[in-house]
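In mature numbering (1 follows the signal peptide of the UniProt record, and there is no 0), the protein residues as written are -29 to -1, 1 to 313.
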């Protein structure tokens, strides 16, 4: 592992706590040990997948049992959607519903998250996760001309994937992508201990945290809201421990270690940001663009916070679909001269 990749892996692993609002891991509703809250949430997710044209599949690759959603025709260009750390594949359901008519959509649970199962000694460092993701892509035969998108920490993983596999990455889409930015200027990036304010640790926290992370949170039924709050409360202890790790590592790593990886990306890139993001302030979107060779001007969505894929799924799709359409026939700049997007 190069020194840069080592720095980057520590950074992404440490920052994983930021996605505390992602849908929690739940098991099958047929499991008799499930709580009523888990059954409520699982039934909701299963129906949402069906409504969005997605089916859940499983596949063993090496010692990882992958769980992933799939939709659209396998004869069409493939889009790989990556959730953030602490999230799962269902974060992308609503956006995926707009993509499946014209694209082959794959949305995996990353190792150790959602329903994907790994050995107890699995290395969660990002280079290993990225390598595992590549093996998964090869196993289902989608690695060539791959369009990859990532939200928050998933954006960091997508960036590393595109940097490591430049010949096979057709396009890159980054939504409120996590990173170590010079222009980062929020309480959460200045002092990681502030992240404790967005941990759901007692009844009543859920609404407050939702409105901190999302400017325009989607409406939830009282039953679903209660189910999600109960599961997040159960996870609060481990989240507090991770924050202490973040605080330590935040004093070690710098924007330069992040920039070295990002500058290696060759793929045309679309950046999208919620203007009211309180985790990574919107100013870092321009900084991210400056690090990428073929990035368009960032798309900034007003009245949207850190979770555009949940807050503004239709707007996200309306920007992503034209970008996908115009990048499918572009030649790889490593084999040809750079071709402008406009």
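By construction, the Cβ of each residue, glycine as well, lies at the ideal position given by its N, Cα and C atoms.
Small disclaimer: the values here were computed from a predicted structure and weren't measured.
- Straight-line measurement puts the Cα of residue 143 at about 13 Å from the Cα of residue 234.
- Residue range 226 to 233 is occupied by the alpha helix (DSSP H) that includes residue 228.
- For residue 272 against residue 243, the beta-carbon gap comes to about 7 Å, under 8 Å, which counts as contact.
- Within the same chain, and ignoring the five residues on either side of residue 207 in sequence, the residues whose Cβ sits closer than 6 Å to its Cβ are 170, 172.
- Pairing residue 64 with residue 92, the inter-Cα distance amounts to about 30 Å.
- Contact check for residue 147 against residue 248 passes: the beta carbons are separated by less than 7 Å.
- Judged by DSSP secondary structure, residue 163 falls outside any alpha helix (DSSP H); it is assigned neither H nor E.
- Per the coordinates, the alpha-carbon of residue 115 lies some 12 Å from the alpha-carbon of residue 303.
- Beta-bridge partners assigned by DSSP to residue 38: 29.
- Boundaries of the alpha helix (DSSP H) around residue 298: 284 to 298.
- If you draw a straight line from the Cα of residue 202 to the Cα of residue 86, it comes to about 15 Å.
- Here the alpha carbon of residue 89 sits roughly 19 Å from the alpha carbon of residue 77.
- Bounds of the alpha helix (DSSP H) holding residue 125 are 124 to 135.
- Counted as a single uninterrupted DSSP element, the beta strand (DSSP E) harbouring residue 49 occupies residues 49 to 53.
- With contacts defined by Cβ atoms closer than 7 Å, residue 117 and residue 140 form a contacting pair.
- For residue 171, the secondary structure class from DSSP, reduced to helix, strand or coil, is coil.
- Under a 10 Å Cβ-count criterion, residue 198 is classified as buried, with 16 or more other Cβ atoms of the shown protein chains found around its own Cβ.
- At the C-beta level, residue 226 and residue 297 stay beyond 7 Å of one another.
- Residue burial is scored here from C-beta neighbours: residue 59 has at least 16 other C-beta atoms within 10 angstroms and is therefore classed as buried.
- Per DSSP, the beta-bridge partners of residue 270 are 243.
- Taking the Cα positions, residue 263 is about 11 Å away from residue 133.
- Apart from sequence neighbours up to five positions away, the residues of its chain that approach residue 188 with a beta-carbon distance below 6 Å are 181, ordered along the chain.
- Sequence-distant Cβ neighbours of residue 165 in its own chain, meaning closer than 7 Å and more than five residues away, are 158, 159.
- Beta-bridge pairing by DSSP links residue 101 to no other residue.
- In the three-state reduction of the DSSP assignment, residue 118 falls in the strand class.
- In this structure, the straight-line span from the alpha carbon of residue 124 to that of residue 55 is close to 4 Å.
- Assigned with DSSP and collapsed to three states, residue 277 falls in coil, not helix or strand.
- Taking residue 256 as the centre and dropping the five residues before and after it, the same chain places the C-beta of 242, 244, 269 closer than 6 Å to its C-beta, in chain order.
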